[in-house]
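*Asks:* Sharing a structure with you now.
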Amino acid sequence: MSFRAQLKSEAVRDTHDYILHLFMYFFILSKANNPKTKNDYDSI
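Each number in my numbering corresponds to the 1-based position in the sequence shown with 41 added.
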């Protein structure tokens with residue numbers, strides 16, 4: 042019982058880390074594709 046609960050909590054933590062990394066990845070991607078940033082580069 043406790044082993045199964047520990048396994049479940051570890052899986053939840055792994056999923057949390059995965060979602061967090063995914064969110065950060067998309068955030069960086071959207072920042073890179075931000076039109077404002079592109080306009081700043083064009084104005085140089």
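Where a beta carbon is used, it is the ideal one built from N, C-alpha and C, also for glycine. Source: prediction; values computed, not measured.
Excluding the five sequence neighbours on either side, which residues of its own chain have a C-beta within less than 8 Å of the C-beta of methionine 65, listed in chain order?
*Replies:* Numbered from 1 along the sequence shown, position 24 holds the residue referred to as residue 65. Here the set comprises nothing.
*Asks:* Measure the C-alpha to C-alpha separation of lysine 72 and leucine 63 and round it to an integer number of angstroms.
*Replies:* On the sequence shown, position 31 is the one that residue 72 refers to. On the sequence shown, position 22 is the one that residue 63 refers to. Rounded to the nearest angstrom, the two C-alpha atoms are 14 Å apart.
*Asks:* Closer than 7 Å by C-beta to tyrosine 59: which residues in its own chain qualify, once you throw out the five before and the five after it? Chain order, please.
*Replies:* On the sequence shown, position 18 is the one that residue 59 refers to. Around tyrosine 59: no qualifying Cβ.
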